[in-house]
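In what follows, a single structure is set out as C-alpha cells and then discussed.
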Amino acid sequence: MTDQELIAPELPEQKDPATSGLESGWYKVAKSEDIPLKKAIQIDDFPTQIVVWRGEDAVLRSLDLYCKHMGASLACGEVEENSIQCPFHAWRWAGDGQCDKIPYAKKIPAKAITRSWEVSENDGMIYVWFDRDQKPADPNGQKFN
Amino acid sequence: MNDLPDRFPRGWFVLGHQRDFPVGETKTIFGFNNKILISRIEDGSVAVDVGGDTSWPVLEINQMVMVWHDVEKQDPDFTPDKIEECYSDDWSDYGMASFIVKNNCRELIDNMADKGHFGPVHQAPFEGFWNEAKDHTYTQEMTADSPILGRDLFSQARYEGPAYMTTYMSAVHDGAKVESRLLVSHIPLTLTSFVINFGVMVKKVPGMSAEDEAAFIQGYVDANNFAFGQDVAIWENKIYIPDPVVCDGDGPLHKLRKWYGQFLVNRADIPSGLDLEKREF
Ligand code: FES
Ligand SMILES: [Fe+2]
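So the protein sequences, as listed, match chains A and B.
Using UniProt numbering, read the first sequence as starting at 1 and increasing by one per residue.
Using UniProt numbering, read the second sequence as starting at 1 and increasing by one per residue.
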C-alpha cells in the first residue's frame with residue numbers, strides 16, 4: 001500500500017502543427033553529433049513533437065514522435081536498417097511515413113501512415129523543414145536557429 | 001488536445017489488503033482526487049471516508065478491502081466472485097506491492113486485448129490468445145513461454161468491473177509446476193495518475209518451509225514488478241489514440257474499449273451489444 005499525494009502530471013501530447021505561428025523555413029533542432037549512427041532522439045522544441053534518427057546509411061529522417069498505432073514514443077524505439085521500430089508492438093516506420101513492417105501481421109493496413117518531416121544536415125547542424133500549409137521543403141529556404 | 005474521460009469509472013476499487021487495516025487504526029490513502037480515511041472499528045467492520053463523504057459502499061472479499069465508486073451514487077450492480085484459493089490453507093496469502101503510473105488509468109485496460117506487446121515489451125511471445133466479454137467481466141486467456149514469468153505458461157485473467165483483475169496462472173519453473181494467482185487492482189489518484197496495487201499468491205509446495213515459501217512469493221512479486229516496469233516505461237511516454245489503426249494480428253482493442261466505456265457513462269447510457277463471445281485471436 002502506497003500513501004501517495006495527489007499528483008496530476010501533464011500528459012504527453014502530439015501538438016497540432018497547424019496551430020503554430022512559426023514561418024516557413026528550416027529549424028535547427030540538434031547538432032550532427034547529437035545523433036550518431038542508428039540512434040534516435042526526441043525533439044520538443046518544434047511546432048509538434050518529433051523523432052529524428054540516423055539510419056544505417058547515415059541519412060537523417062524524421063516523423064511525428066508518437067506512433068500512429070497505439071501512441072508510444074518512437075524515440076524510445078530502435079533504429080532497424082533505415083527505419084525506426086516502435087518499442088510497444090514493434091511496428092516499423094520508414095522515413096517517408098509508411099509503416100514497412102509489423103512482425104505479427106499478415107498484411108500492413110493501408111491506413112498505417114504517419115506524418116514525415118524533411119531533414120537537412122549542413123555544417124554540423126541538423127534542420128527540420130516546417131511549413132504550416134505543408135508546402136514542400138525549399139532547399140534554399142530560410143534557416144532559423 | 002487531451003480527451004480525458006470526464007470521470008473516474010464506476011466499480012469496485014481495492015483500497016488494500018485486509019491485514020493492513022487492523023482494528024482500532026485509521027489509515028490514510030489518496031484516491032479519486034481526495035484524501036481517503038479507512039478505519040476498522042471495534043466490531044470488525046471497515047468505515048471509509050472519502051473527502052468527508054462516508055456513503056461509499058465497502059466490501060471485504062478475497063482478502064481485499066474495496067470501495068464502490070459511482071458518480072451517480074447508486075448501489076453496486078455487481079460483486080466480484082469469491083476466489084476459493086483466498087480462503088484455502090493450501091495457498092499462501094497475497095504478497096502485495098504497489099507503484100504509481102503517471103497516466104489515466106484506462107491505459108492499464110488496453111493490456112487485456114493487447115496481444116502484440118508481449119513479444120516486444122515482455123520478451124514473451126505467446127502461443128494462444130483468447131478474449132471474452134460478458135456484462136461487467138472481461139476475460140483473457142493466454143498460453144505463452146516466458147523467460148521471466150515461466151515456461152509453458154497458461155493464464156486466465158479476468159476483470160470484474162474496471163479496476164479489479166484477478167489471474168490464475170500455471171507455469172513450469174525448474175521442471176516443477178507452479179500455480180499462482182495474481183491480483184491487479186488500481187486506484188485513480190487524479191485523471192492523470194493512478195496507483196497499481198498488485199498481489200501474488202502461490203499454491204504451497206508440500207514440504208516447503210515458511211521461509212522458502214516467503215522467498216518464493218517475493219520472487220514472484222519481483223518478477224511481476226519487473227514486467228510492470230516494462231509496461232510503465234511505455235505507458236508514461238505515450239499519447240492516447242482514441243481510434244487506433246489496428247492490424248490483422250491485433251486483439252479486439254475496439255471491443256475492449258467499448259466494454260470499458262460502460263463504466264464511464266451513466267447507467268442509463270450504457271449501450272447494448274458490449275459482450276464478446278469467447279474467441280481466439
Ligand atoms: S504503439 Fe507503436 S507499434 Fe503499437
Ligand atoms: Fe504488459
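Cβ coordinates follow ideal geometry from the N, Cα and C atoms, glycine included.
Under the DSSP assignment, residue 69 of chain B falls outside any alpha helix (DSSP H), being part of the beta strand (DSSP E) whose first and last residues are 64 to 69. A distance criterion of 7 Å places the beta-carbon of residue 124 of chain A beyond contact range of ligand 1, judged by its closest non-hydrogen atom. Sequence-distant Cβ neighbours of residue 200 of chain B in its own chain, meaning closer than 7 Å and more than five residues away, are 94, 95, 180, 182, 217, 220, 221, 224. In the structure shown, residue 145 of chain B falls within a strand segment according to DSSP collapsed to helix, strand and coil. Residue-level contact by beta carbon fails for residue 58 of chain A and chain B, as no gap is shorter than 8 Å. For residue 184 of chain B, the shortest separation between its Cβ and any heavy atom of ligand 2 does not lie below 7 Å. Just so you know, the alpha carbons of residue 13 of chain A and residue 239 of chain B end up roughly 6 Å apart. When C-beta distances to chain A are compared with 9 Å, the residues of the segment 24 to 35 of chain B below that value are 27, 28, 29, 30, 31, 33, 34, 35, in chain order. For residue 26 of chain A, the closest C-alpha among the options A:86, A:47, A:19 is that of A:47.
Judged by DSSP secondary structure, residue 152 of chain B falls within the beta strand (DSSP E) whose first and last residues are 150 to 160. In the structure shown, residue 22 of chain A falls within a coil segment according to DSSP collapsed to helix, strand and coil.
Neighbours of residue 71 of chain A across chain B, judged by C-beta separation under 9 Å: 238, 239, 240, 241, 244. By the neighbour-count definition (other C-beta atoms within 10 Å, threshold 16), residue 176 of chain B is an exposed residue. Closest option to residue 95 of chain A, judged by alpha-carbon separation, among A:128, A:5, A:22: A:128.
Contact between residue 191 of chain B and residue 9 of chain B fails: their C-beta atoms lie close to 11 Å from each other, not under 8 Å.
Listed in chain order, the beta strand (DSSP E) elements of length 3 or more contained wholly in the segment 109 to 136 of chain A are 119 to 122, 125 to 130. Here DSSP, grouped into helix, strand and coil, assigns residue 56 of chain B to coil. Contact with chain B is absent for residue 136 of chain A, since none of that chain's Cβ atoms lies less than 8 Å from the residue's Cβ. In the three-state reduction of the DSSP assignment, residue 91 of chain A falls in the coil class. Residue 88 of chain A and residue 119 of chain B have their alpha carbons spaced roughly 9 Å apart.
For residue 48 of chain B, the nearest beta carbon of chain A is not closer than 8 Å to its own beta carbon.
For residue 189 of chain B, the nearest beta carbon of chain A is closer than 8 Å to its own beta carbon.
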